[in-house]
Structures are given as structure tokens and as C-alpha cells.
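Residue numbers (the numbering used here), protein chains in the order written: chain A, 7 to 341; chain B, 24 to 646; chain C, 154 to 746; chain D, 21 to 197. Note that CB positions come from ideal geometry on N, CA and C, so glycine has one too. Let me begin by presenting the structure, written as C-alpha cells, before commenting on it.
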Amino acid sequence: MRPAIFSAILLLAGCRGRQNALDFASDQSSAIGDVWHLMLVVCGVMYLLMMLLLGWAIWRALKARAASHDARTAAPGVDRKWRAALAAWSALIVLGLFVLAGGSFLVDRRLARGEDPNALQVRITASEWWWQVEYLDPAPSHTIVTANELHLPVDRPTHVELRSNDVIHSFWVPNLNGKTDLIPGRSNFQTLTPRRTGRWRGQCAEFCGLEHARMAMDVTVHDAAGFAEWQAAQRALAKAPDTPRRTEGQHVFMTSTCASCHTIAGTDASGKVGPDLTHLASRHSLAAGALPLDAKTLAAWISQPHAEKPGTNMPATDLPPDRLGALVDYLMSLR
Amino acid sequence: MNTARELDATWADAPGWRGWIATVDHKRIGRRYLVTAFVFFIMGGILALVMRTQLAYPNGHVVGPDRYNQLFSMHGSSMMFLFAVPVMEAVAVYIVPLMCGTRNIAFPRLNAFSYWIYLFGGIMIYAAFFLNVGPETGWFSYVPLAGPQFSPGKRTDFWAQMITFTEVAALAVAIELIVTILKMRAPGMTLARMPLFLWSMLVTSFMVVFAMPAVMLASSFLIMDRLVGTHYYNAAEGGDPLLWQHLFWFFGHPEVYIIFLPALGMVSSITQTFARRPVFGRLALVVSLVATGFLAFGLWVHHMFATGLPRMGNSFYTAASMMIALPSGVQIFCWMVTLGTGRPKFSTPLLFVIGFFITFVLGGLTGVMQASVPLDLQLHDTYFVVAHFHYVLIGGSVFPLFGAFFYWFPKFTGKALNETAGKWTFWLFFTGFNVTFFPMHIAGLQGMPRRVYTYPGDMGWGLWNLMSTAGSYLIAISMLVFIVNVVRTLRSRETAAENPWDAPDLEWAAASPPAKYNFAAVPVVTSDTPLWTERDALGALSGLRDDRPEVLITSAVEAAPQIRWGMPSPSVWPLVTALGLTVMFVWSIFTPWGIVWGAIPFAIGATVWFWPKRSQPGLESES
Amino acid sequence: MRQGAGRVARALLLVAGASFMPVLAQEAGVQEKGEWPMPAHDLASTRYSPLDEITAANAGKLKVAFTFSTGVDRGQEAAPIVVDSTMYIVSPYPNIVYALDLTREGAPVKWSFRPQPDAAAQGVACCDVVNRGAVVAGGKLFFNTLDGQTIALDVATGKQAWRTKLGDINRGETMTMAPLVVKDKVLVGNSGGEFGVRGWLTALDTATGKLVWRAYSTGPDKDVLIGPSFKPFYASDKGKDLGMTTWPPEAWKTGGGSVWGWISYDPESNLVFYGTANPGPWNAEQRPGDNKWTAGIFARDVDTGEARWFYQFSPHDLYDYDAINENVLVDLPIDGTTRKVIVRPERNGYVYVIDRASGEVLSADPFSPVNSTLGIDLETGRPRYNPDKQPRMGKVVRDICPTAPGAKDWNPSAWSPDTGLLYIPHANLCMDWESMQANYIAGTPYVGAEVRMYAGPGGHRGVLTAWDPVRRRIAWEIKEDLPVWSGTVVTRGGVVFYGTMDGWFKAVDAKDGKPLWKFKTGSGIIGQPVSYRGPDGHQYVAVLSGVGGWAGAIVAGNLDPRDGTAAKGMVNATTDLKQKTQPGGTLYVFALP
Amino acid sequence: MAACIALTLGGCEREKRDFTGPQPPGGPAPPLVGLQPGTPSPVPPDPRGARYENNAYHIGQGQNLFRWMNCNGCHANGGGDAGPALMDGEWRYGGDIDHIYASIDQGRPNGMPSFRGKIPPEQIWQLAAYVRSLSGNIRKDAVPSRSEGMSATPPLTRRESEPPKGGDPAPNQEPQR
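Spelled out as C-alpha cells, the structure:
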């Protein structure tokens, strides 16, 4: 009765989801899905057998209790029969383990296939509570630096290099692949080969301090044309302010504390401590997936970041409302 | 019966609190251990309730991130270090000498010392927690988050020192148990006839001896990194954050088997007693216990599949992690056959064992699932893992523990716990447990990572978290029922029979609660179920003096009598030594000189503790 | 000191010596009067004095002729300039210029000039508030101030002729180099590679100080003045706008390549040769690509500034090897033919011999222990970087030789046509290096690395090496306890002068390095010794004593020896310097009694 | 046990993780010199100084900011470079937290830039607290022993404290006319 519920609930729970290990959207996650189904079946059967054995034991006990003689029965001759059953049961377990181990190795080998020359090269550097994402390119002047977002071309492998600036984090987009830790002092690697376009979400999966819960990443898989268009847009420098209010906003950005930590390519601001804001408005979320990206939230985030993400390294900035409005207007123009 | 009065006088403690703090009687210390461990279990449970209340709804504001991080760190640390291992050792401290048929545990003063160190460790960490200096980086505190730069203040230092406290206590008890089981068994109790609970405690103790030093080394390295700026875990200067993970998990995985194996011993005892027949496949069970003990040391890297270690290495650990399913499967099979071919009586202890079968097997199978490297990359550090280890820890250890508590309560107190209240406790606990932890499998598969103080509303995790919170309150209610049952039973006057369950093991040959000297005469055993085969004709061996505390030392394999051994008298110095060591440990959190100056009170206490007794009454006249 | 083996080679060389005539007979007038008009003595940067009154025989009897205190106790890196019986000295910040009248006894001050540079400039001077000296030409004295101004003074009166503001301290720009005057142009460059400055070389008109042309070291070809006449020898330097494409986007704007070292001029080809400094930031992983035109040598037409050729010593420089060292223009017999070459003792530890016309590297041989590169591939001209010494972010890479200041820093070597040897004063240090993310805030350091230096193989920290560029090997060398950070001068009399960081001013025999004479000055010497003929016809030798610069930062800046990474790692190699010398700022002039 | 309790009780202040909203800029800088004409009227230090100086979280943030804001470019790990050494007892412009706050905020004539408006006041306080710890003037239980990078100096926790005393006020005497 138990395993039936087990798989029923899973189906009921729905395998659809933006951050769902059972909603396979890439070679890697579907390969892992195969292991999952194998495990589910084999373990389900073993569990069923165990529960049947338990059921049989309880049923026999109730029947024997009815016979109601309470003598402490010596070990009956029947044990020899059960010893054979024990041997069979052990053999069954060993067989089950061989099947599972074999299935797991085969899938592991499939995942560990070699380097694909035409793979997109991406380097993700994790910091305390946000992601820096760099799209590397043989021509260095074509590199793209963005934050908290991953854009991938469909049907083309992406080779991700994972590094950390401070503590151990773990890069995990369940719909695309398993997780790999980002450990300071070494580089780990992962390959993603998306097979479906769409938007997913990944989240840090290794406890990394105060805002571990709010360290997410939006993942968008484009078709080839969409990806090329996105790349071209990202390579462009930041839009120059086209209205006086935005010019004043840019002035506020350059002269106040923002430029010490953030970069807007095309202006003098190139601080590397905080995320790159060159194309901030083109992103789907704010503060590593913690907040929706709109003017009101951005204003609140700039003046009181600790209200939303207590412990974040973004400091509170004391700006009069008009200058704050101009700044937000300028930042929201950076598509 | 002047020997009884004589023995009573010889083994008695001083009256009042002076005797209370100086006792070396394994039963008084065992009871204290059990009560203290249970208090920490309740406090850990309350912490879990607050966590579940915070996670009941998305974007909850019950507690902030800093408080929540301290909550889950304290919950994990107190459950693993202050409850699970000590409670199993507490039961063993009480039952093993009785089951072996001897009068006291080996090294009784070390036993007292280990309790005080364990108590002071628990007090220190909870005092720190209430002073906002509690641990905040989880029960396994990965560096560099737990390192000097990313964990400011003294929070992680207190956590690391708490590990030193509890490991010293655990190692001490492990040594005592190994010596008691191997050298102080009743004559005739050969290894082949030794009860399964003793086997499981023997294997557990050896695992403690081999596993604990790894984590004490790791936590000492961490304290040195944080206090005097060494570079063990500094990736830049040649140290390595993974050194911490290897050292910790080399201890970590055997730790969870240290918690689990005693439970297997308890299940064997309860199943055998309530199935009304000797356990089926005794040899298979013993071999499985020993196999589990060895295998536990070979699979710690399955906690580190996501750290980017070479894939070939990981595959070996997949195989090792899967192999451990074999001994567990064999044991479950043997117990079920024992039940099926006996005439089981479904009282509370057996109910908890049935609960154990249902939950532990599910937890074991999800464990086998996570042994696969690719699958573990999806499941690691998600709520799926939280579900798994609660199934194997609560299902695998706490259920048998409660079963054993109901089973041995008459032996501890002479009074049997109320059966209906017991059944209520079980069904509330079992249902609450499954309602709490089964939805976590689904939340984990849906991408909810571990240790998040909150989660967004649009991820579809809300329903599962709400169910988990409801279930956790159910478990709390079951605990209340249990506490009320214990209190009412202790207050009531009607007592239970000496062997209410008609159990076969030697501990039931002594009175309930046993006299200070356990057995007037050393029992002699001729079979593996002594009270069933030689019920009244239990042989007895005389010759131990009754005017000084003496125990019989027997050979390891055949349990043939060898020598009579004088046991140390009650003394307050183990407590003083423990206080000295506490001063040294706490002081060395703040300055390395604390080790130097703190060693003085410890040395004084230890010297007086081990000071040889000059005058042995009547020893000289011995031929 | 391997003198024995060298003696035989010496005899042979003397015979061939005649053919190494210094290239530049053109300024004969200057030669006879025994003047020292520019820090490098001549446009070929030989630092060779034609005077021979002081010889190996009588050098032992040298006495102090007179001294003069500049009143500033920071690093004295300047070279005393002597023209028309007047000596001109520039002090470190506040860059006071003194004119000493050599005709009168004790050389009293004729006039002094205080440029009043902005005091805040001291905060953006990476390696001590130094100045490498002035230059006198056409009746005017030209020098740079720390806050980025080039000033011309009238030599007779000391009044200011003109002053041009070129550098902006708010972007981290300073100016410490000694200008070079060629025809009617003053060539100056900026410093600030450690502050993410964009380097440039600027030519100003000597009469008015107006900007004639400016060549940037990074950016589009039009900024770098690369046009049709640009014919680099190696393939990797050919391409359009390499100053941008070999950088991550926008990184070239804070890409370094400042020009704070030595410039030489070859009148035959009308080309100036100068080196560009390190790319910014030091953390190479933050700037993938070759980072063109940094850490290389440019040849430019002096009139238009158009680049003729370029060679990059350290593409995608990993260890802050600024390529600003001196370019000694000589004609050397190579494979049987006399080639017009540049001899460059480079910071990466190799002595390069480069063809002046085409920029082809004829030879590159280590003159000091090197393990950061495994050799120079002469086909492509690129160094083969040693993979296990590649810096990595978040990891300390150990025992990299030579260190960030290089096997030899800016302190110039001297060339003697008589002995055919290049006298290289250099350090023997190795380092541990850790790269990290560098955060750019204009006007603050933009480094991204932490370093710890220590003595190199052999335990001695400094060497004076006599290098034979034809046989491409060390003729002889003198090991010094402390790094040798002073310049050198060699005279026709066959004597080489150099100073040590604990204050000894030494003379050694140019042929075999036998010590002849030494004098203990008041403070460590990082200045450039010069030799001139005084109004009385006698030969004088002058040097500024005053420890400082990058090597002496622990004394000049009163740093704390307990921090190994202080002064970008130099303190770890000079913890004993505070006991061996004190700050100072005094000119010493010596002569035969 | 009493000693341990006292120690841990004192710990509450050290461990508070207070995430503050925007802070008003520091008050008027305290006087640089103790010499006052007439009867001396001591100026009370800014109360916030003590709050940042005794709090481990703020000192930890100060350690990160010391590298993020490029302070280590001129002061290295306390040993100095273009800027003076911060780990000894010599302070030209005052060594207690208010003076260090003023030095960072206003800048100093010989090359210390003014970070007013470029670093928010809360972070300047955190930097000032960390700088105080470089010379061992902060309680040893609130100070990180080392950073996760290159080992440069003896651990902060083992540094004997050097109470600030005056430095030579005129580092670079302008020679007389």
C-alpha cells in the first residue's frame, strides 16, 4: 500500500515546475531522470516485498495468538526452511544492488562525456549571495559580464566553469543538471545541454551564510536566433541617458556610493565588488532572484536593502527622494 | 541473608547530595544520562518546532535569517551530539552490566567523569545559544564559512568546543563498554551465547573509538585556525576546505551508524522477547552487525559527490554505499521471520519495532537512491535528504529507542508504563512523523534546497511545508502524551513484576529496580536465552568478597572466570576533574593560554582521582 | 666573482673594442666639455663618460669634493645634470630644483625653484614620491612634477618659462620620469600602472610647452598613432585596433601601459625607442588577451609620433613586468655583421638584443635566475610562460623568480664601448604571489594581487653583473647583500661606479670588477651616479644619496616589518633595511685630491 | 564557572548582527589635539564608535571592505605602502575610532583621499573598527584571526595592543626658503 502512495503523490505533485528535478529540460537532467525511474521501480518493488513480509508476519502472529497457548516455543524445525529463504533474499538484494549500481554507472559515464569543442564557455563566480556570470570568447573584447542570470542556446552544450570568491556555494538548476559546488581555491566544471527553450530557476544549494535562501538565478534558454540577439544586446555598451532626469540619475550614480562597487560599461564606473548593472533593466529579477524588477522595488532596495535581504553586503544609501527617483529612472533605462 | 545486607553496605553510596555527586554506580549514572539526553531531545524538538513555524508559509517572518541559522545549527548539533549518541550510550551504561551479569561497569569513575563532561558540554552550548553566541553554520559547519573570516565572533568556536566535550564523553563510555562486554561477562556466556544487544553495543563502541578522533582533530584544527590563525583550511596558503569535509564525514557517517546500531540491538531484544521465541538467524544478525560496522567507514565521500572530486573515486563510494543495504536487508528479514514464526504479543515496544520496520526500510531505500552519483547531484542538500535522514534517524533509532524505553522501564523503575498511553504515543508519533517528513521528499524533488530560512511563494512548495509543520506539531503532542505517561507512572505506587515481559536475558534475573550490587551471586549461563532455558536453575558462582566491592573478570571468548577485581570506591574527584577540563576548554576558546593554565585544575583533579588507595581492608590477609 | 675566466676574454675584446664606437658622435661638443646634459648622458643612453683622469690605478685615492643637502629625505632617484659649470638637481616631492654654481668653492646655490605640486599627489604615487631627474637643452631645464606637470625653467635665472598640466591625480596619474629632449620636442610620459591609468607618451614643443602629439599605449589605432608606416616584425602585433581587441570590453580604458621609464633616440632613423609599463590590474585573469601595447617597446618617428614597430616583451603580462627599462643603442658584431641594435636588460630577467630598424629579437638570454618563463621563442617573439608558476585567483603561487619589480627595475645600466660590457645593477629576489579580484575606483590602487618577496637563489639579494651582449653571457658579477637599486656609470678610465642600499658608493675595475674604492654615504643610494669635468678641468663623480623608491619603501615610508605584503611584498625582503640605513637626501661629489 | 559566565555574558554585545538602515554621516570630527586654551572641555566621542568597535560582525565587514575599497592598495595588510603603516602605535591624525572615521571621511593632506559620499557612513564606521584592530586595540574575542588569503601578518588575535600615540605631524617638512 505504501509504494502506491509513494509514486501516486509524486505524479500528483506534478513534474512541471520552474525549479523541478523531475521536469527534464536537458540531456543531463533526463539522464538523471532515467536513474531516478530505475531507482523508483527497484526500490519500490523491494519495499513492497518487505511490507508483504511484514504483513505476513503480523497476520501469522494474530492467527497464532488466537491459538492462545503462550508457551515459549523452542526454535521449531521450520528454521531450516527459512534459512534457505534468507539466502534467497540476500541473493535478491545483491542482484537488486547490481542492477542499481550498473544503471548508475552507465548514466554517470553518459554525463561525463568529454569536452565539446563548439560548446559555449561560461564562467560563474559565486559571492556572498549573488552570482557573477561571464560569457568567455576567444576574442577577449567579446566577453560579456552579467549577474544572477544565465542565458543558454538550445541544443548546444554549454561548458560552465564554477568558482567562488568567498565560501562554498553550490550551482544547481534542477531542470538542467545536478548541482556542483563552487569551492574557493579551485575550479569545478559542469556541462549543460538544454533541449527545450523556456525559463527556469536555479538556487544555491550549499549553506553559505545569512542570505543563502535568497541566492537564486534566472535561467533562460533561447533558440539560436534569440541567443545571438541577446548576445549582441549584451555586448553593446550601456545606453546613454536620453532625458535630463536620466542624465541627473547617471550623475547621482557616478558621484554617490554606487560607482565604488558597480560597473556600468561605457561610463567611468567599473567597480567589481557588486553585480554588473550595464543591462540591469533587461534582467528578470533583482537582488539574485529575491525581488521583482520594477521601479518601486528598486527604489526600496537601494535605500533599505536590509529590510528585504537582512545581512546583504549592499549598504543602505541615504538619498533625497528626487535624486533617488532620478537614479531609479536612469537604472531602469539600462535595457 | 547477611551477605545481602553486607553487600548493600559495601556498595552503598553516601546519603544525600554528597553521595549523588560521588556515585560510581552505573545505574544511577545511566539514569542521569538518560534524563539529561531526553531533556536535550525535548529542547532540540522545540527548536525544530520554531523552524517549522517559520517555514509554514512562504516569506515567513517568525524569525530572521540570523536567528534561523542558529536554530537549525542548534537543532542539528543538539540532536546529533547531545541526544542521539549519548542516549544510546546511556541505555548501554544501564543495561550492559546487568545483561552481562556483573555488578558494575568497568572503570566506574571514568563513567561518572564522562557524564559530567557531557553535561557541562551541553550546558555550555545552550548557555551560548541563549546569549546569542550559538552556532550558526549548521551541524557540520563547512569551512571557509565557519572559518575566521566569514564567521565573525566566537559562535563557531563554542560549537567546535562542544564537539570536543561530547566526543570525550562518548570515547570514555565506548572504552568502558568494550571492556565490560569483553572481560566482565557472566561465566558460561561465550561470545556465541552473548545477547545481540551486547553485540551491537560492542560494534558501536569500536566504531566510536575509530570515528571520534577524526572529528576531534578536525574541530581542533578549526579552533586553531580561528584562534591563532593557522592555515589548515585556508585554500590560498595551501590548506584545503575539503580537508574539513573529509575529516568530518569520515567521522560523520560512522556517527550515524553509531546512533543506528544500538537501535538494532534493541530491536533484536524486543523482537525476541515479544515473539516468544529465540531470534531467527542469530549468526546472520551478528555478521550483519559487524559488516555494518566495517562498511560504515568506507562510504563517507557520498556526502561530497557535488564537490567535484574525480568521478572514478565517486563510483567506488557509490558501490560501497549500496553494499550497506545488504546487511540491513538481512537483519530486517531475520526479525520478520522471528515475528512470523513466533507468537508475538503487540504491546507498545513491539508496536515501535513495527513502526521501525515501516519507516526505516523506506529511509534505507531513499539512502540507496542517493548512493548513485548522478541522482545524488539532484538530491544532495535538498529537502529530499532532510526526509531521508529523518526517516533513518527517527525511524531507525528513535522508534526502537522508545520501544526499548517502554520495554526496560520496569527494570529502571520497577513500574510498567501504561499500555494505552503507550499506544497513543506510538500512533501519534508514527502518524505525525510521516505527515512531517514524507512531503519533504516531494519538496526536495521540486527543488527546495536545505537550510533556507524562507522560500518564495510561487514555487509550489507551500503545501508540502504546511503539511510538514502540521506533522511536527503532531509529534510534539505525542511527546507530551509520553511525558505525562512517565510522570504518572513514576508517581503511582503499584509496582510491576520483576520480569513482566518474561524476557530471556540476564538483566531480568536481577530485581527491578536492581539492588546496588545487581547480583548477590554471579549468575552462570549455559544458553543464549538463559531465563528461558534454565529459568530457576540459574547457576550461581560464589567466592566474591562481600566486604569490598569486587567483580569477576572472565576471559574474552569463553567467559571463563580469571580473577577477582576490586572496583574503585565512589569519589567526587571525577566531577572535580570534569570541572577542571571544562574550565580549560572554555578558557581556550578565548586564549591559547587557556590550555596551559586550564591544564592545572584538570591535572590536580586527575591526580587525586587516580591516587592509589594505601590501606586495602583485609587485602593483606588474602592468601 | 668569476674574474679568472674573464681575464683571458678581456684581452681579446680590447682589440675589438675600437669597433663599438658609441653611435652618437653628433654631439661632439658635449663630449669634450665633459658635461652630463641628461640623465642617460647621451641620446643612446650609454651612461658612458669619456673622461679618463680617474683610472683603475688612482681611483683608490678619491676624496669628497663637496656635498649638498636637498632638504627632502625621500627616495633620491635623480641624476645630477651638469651643463656650463652648473649642476642641476631635482628633489623628490615637493620636486625642488637647485642650480649649484660649480665655479665657486663648495658649489653654492645659484638659484632654486619650487614648483609647489599638489600635496595629495603623494597618495597616488605607487612607489615613493620620486623624480628621476631633469634634462637641460637649448638654455632651458625641463622636469616633471609629481602631480603631473611638465615645467621648463630658464637655465640662467631659474624663472619658469612655461608649465603644462598633463596628468590628473584624481585618476591616479603622476609623473616621475626624466624627460628627453629631441630636436625641438620634450618627450614625457605618465606613471600610475597600479592605479588603472591609461598610459601615454606626449611630445611638447620646447619653446611653448604646447602639446605636439600624444601616443596612448592602449585603445584604438588612431589614439596609439598607428598608421600605414607601422611595420611590426612579429605576426601577433599585426592587426587592426589591437589596443582594444586584445582586452575585455572597456578594460583598455583602465589598462595601464604608462610610460615612466627611459627613452632613447637614434638620429639616423629619427626614431625614439621607449617602453610601456605593465597592464592594469596585476591580476591577469581579469584581463584575458595579449593586452596590446602594454609591457612592450615602441619605435616612433619623433616628429609625427607615428609608430614604426613594436615588440611585446610580456604579452598578457602575469607578473607586473613593466617594460620601461633603458634602451642602449649600440652597433654590435652579430654573426659576422655589425648590426644596429638596442640592448635591453628587461625586467623579466632576459637581456634582449633587438634590431633597431625592424624590431626583430636577435637574442634573449637570462642574466638572473628565471623560472617564471621557460625561454623566449625567437620565431614568434613570445615568452613561454611556466605553467606551474601561472598566478591563479585565490591560490598563493610560490617561488616565482624574478619578482614583480623584475630582475632589474628602472635603475639604468651603463655601456662601455672600451670593454664591450653592459654593467647591470640588479636584484636577486623571488616571490609568492596571490591573485584576487581587483575593484576599480578611480584614484585608488587597482592591483588585484598580494605579493611576498624574499632573497633569490644564493641568499644574496643584489648583484652588479657585467654582461657581454656579443658572447651573450656574464663576464663577471659582484654579489651584494642588499638589492642594487642605484644606477651605474662607466668611464673611459675603466672604472664603474654604483651605490648600495645601505649607503656604500663603490668603484670597481670595468675590466674584471676588482673593487677599487668605496665611501659610506649618509643614506642608501638609489640615485644615478654621473661623471663630469669641472671648471678646473678635473674629473668629478657625483651621486645623490637618499634611500627610498620601491626597494627602500620600508625606510622612506617608515613601514612596519611585521607585514610581509607591505610595499607590495618588498618589506618581506628588506626587513633588515631599517637597521642598515636611515632616510636622507644629500648630494656627494668626489674627485682626486 | 563564574569567569566563564561573565565572559559569555560580555559576549552578547560582541555577537549582535545588527543590520542598520541608512546612517546619518558622522558628527563633527573630534579635535585632533588635546591642547585646548582655557580650562579643557573634553569632547565626548561619538557613541556609535563603541557600537562598531566591539561588534565582531562589523569588524568582519570592515575586513572585507578594507580589500573591496582598495585600502590594502596603499596600506597593505596594515604594514603600509604609499600610505602609512596602520598596525603600529603612531597616528599622525589620531588613533581612536572617531579620528580614524574623520580621516577616512575627510581625507588627509598628504595623499589620503576623502571617501565622503563614496562609502556610506555605516561602512566607514566598520572600516574604522577594522583599522583599530590592526594595531591590536580591539578586544581579542571580536577580531578575526586571519583572512582567507595570503598570510601577511601575525594573527590579529595574537597582536599585543599598541595604544595610539602621536606620530610626527609634519611628515615632509617643507625646507626653509
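Nearest to residue i by CA position, among the options, is which residue?
{"i": "residue 126/A", "options": "138/A, 110/A, 340/A and 150/A", "result": "150/A"}
{"i": "residue 319/A", "options": "65/A, 134/A, 223/A and 181/A", "result": "134/A"}
{"i": "residue 590/B", "options": "196/B, 34/B and 352/B", "result": "34/B"}
{"i": "residue 380/B", "options": "59/A, 326/A, 313/A and 28/A", "result": "59/A"}
{"i": "residue 513/C", "options": "255/C, 495/C, 253/C and 500/C", "result": "495/C"}
{"i": "residue 579/C", "options": "641/C, 600/C and 543/C", "result": "641/C"}
{"i": "residue 487/B", "options": "503/B, 476/B and 467/B", "result": "467/B"}
{"i": "residue 580/B", "options": "99/B, 29/B and 211/B", "result": "211/B"}
{"i": "residue 53/D", "options": "179/D, 130/D and 119/D", "result": "119/D"}
What residues of chain C sit near residue i, judged by a beta carbon separation below 8 Å?
{"i": "residue 258/B", "result": "547 and 548"}
{"i": "residue 174/D", "result": "715"}
Is there a Cβ from chain D that is less than 8 Å from the Cβ of residue i?
{"i": "residue 598/C", "result": "yes"}
{"i": "residue 613/B", "result": "yes"}
{"i": "residue 740/C", "result": "no"}
{"i": "residue 719/C", "result": "yes"}
Output the distance between the C-alpha atoms of residue i and residue j, rounded to the nearest integer angstrom.
{"i": "residue 26/B", "j": "residue 128/B", "result": "21 Å"}
{"i": "residue 59/D", "j": "residue 51/D", "result": "15 Å"}
{"i": "residue 14/D", "j": "residue 34/D", "result": "The structure shown does not extend to residue 14/D, since chain D is modelled only from 21 through 197, so no value can be given for it."}
{"i": "residue 97/D", "j": "residue 276/A", "result": "24 Å"}
{"i": "residue 249/A", "j": "residue 336/A", "result": "9 Å"}
{"i": "residue 128/A", "j": "residue 287/A", "result": "22 Å"}
{"i": "residue 360/C", "j": "residue 721/C", "result": "40 Å"}
{"i": "residue 270/B", "j": "residue 144/B", "result": "22 Å"}
{"i": "residue 683/C", "j": "residue 479/C", "result": "16 Å"}
{"i": "residue 472/C", "j": "residue 567/C", "result": "26 Å"}
{"i": "residue 170/A", "j": "residue 552/B", "result": "60 Å"}
Quick one: is residue i near chain B, going by C-beta distance under 8 Å?
{"i": "residue 77/D", "result": "yes"}
{"i": "residue 438/C", "result": "no"}
Step through the CB atoms of chain A and report whether any lies within less than 8 Å of the CB of residue i.
{"i": "residue 77/B", "result": "no"}
{"i": "residue 478/B", "result": "yes"}
Run through chain D and tell me which residues come within less than 8 Å of residue i, C-beta to C-beta.
{"i": "residue 713/C", "result": "98, 99, 100, 105, 107 and 108"}
Since residue i meets chain F, which of its residues come closer than 7 Å, beta carbon to beta carbon?
{"i": "residue 164/D", "result": "Of the protein chains in the structure, A, B, C and D, none is chain F."}
Got a sec: is the Cβ-Cβ distance from residue i to anything in chain C below 8 Å?
{"i": "residue 131/D", "result": "yes"}
For residue i, return the contacting residues in chain B, with the cut-off set at a CB-CB distance below 7 Å.
{"i": "residue 56/A", "result": "355 and 384"}
{"i": "residue 100/A", "result": "349"}
inquiry  = Quick check for students: name the residue ranges of the beta strand (DSSP E) that lie wholly in the region 681 to 717 of chain C, counting only runs of 3 or more.
reply    = 683 to 686 and 692 to 698
query = In the region 521 to 583 of chain C, which residue ranges form an unbroken beta strand (DSSP E) of at least 3 residues, counting only runs that do not cross its ends?
reply = 526 to 530, 535 to 538, 549 to 553, 567 to 569 and 574 to 580
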